[in-house]
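*Asks:* Numbering (this note's numbering), first residue to last: 7 to 109. By construction, the Cβ of each residue, glycine as well, lies at the ideal position given by its N, Cα and C atoms.
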Amino acid sequence: MFIAMNRFTVRPENADAFEALWLGRDSHLKGMDGFVEFHMLKGPETDGAILYASHTVWATEEAFRNWTRSTAFRDAHKNAGSTAKLHEGAPVFEGFSTIQHIV
Numbered sequence: 007m008f009i010a011m012n013r014f015t016v017r018p019e020n021a022d023a024f025e026a027l028w029l030g031r032d033s034h035l036k037g038m039d040g041f042v043e044f045h046m047l048k049g050p051e052t053d054g055a056i057l058y059a060s061h062t063v064w065a066t067e068e069a070f071r072n073w074t075r076s077t078a079f080r081d082a083h084k085n086a087g088s089t090a091k092l093h094e095g096a097p098v099f100e101g102f103s104t105i106q107h108i109v
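1) Can you check whether the CB of ALA82 is closer than 8 Å to the CB of ASN12?
2) Taking DSSP's pairing of strands, which residues face ASN12 in a bridge?
3) Quick check on LEU92: buried or exposed, where buried means 16 or more other Cβ atoms within 10 Å of its Cβ?
4) Check ALA55 in the structure and name its three-state DSSP category.
5) Have a look at LEU57 and GLU67 and give me their C-alpha separation to the nearest angstrom.
6) Between the alpha carbons of GLY49 and ARG17, how many angstroms are there, rounded?
Following this line, the structure appears as structure tokens:
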């Protein structure tokens, strides 16, 4: 498995709009080969900002890379530039290969 995460730092006054954006968007993930699941996570408020993380699980890193090169990815992210004002700076990407999975 491969886990792809993007971290976002959001000011409290933008939190409702940021959450509405994510809850209302069409992610285009469900039709992708290798897609397992998605979570949008809300973390603590620290130093006047709230940490959010998008957390996507893929069957393989190759499946994730195929997603990033797909038309569906471009469609899901076509308005990303116009929503950047809702978070501080660029999202921080982190990719993880699974070395252990317990269910």
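*Replies:* Here's the rundown:
1) no
2) SER60, PHE99
3) buried
4) strand
5) 25 Å
6) 12 Å
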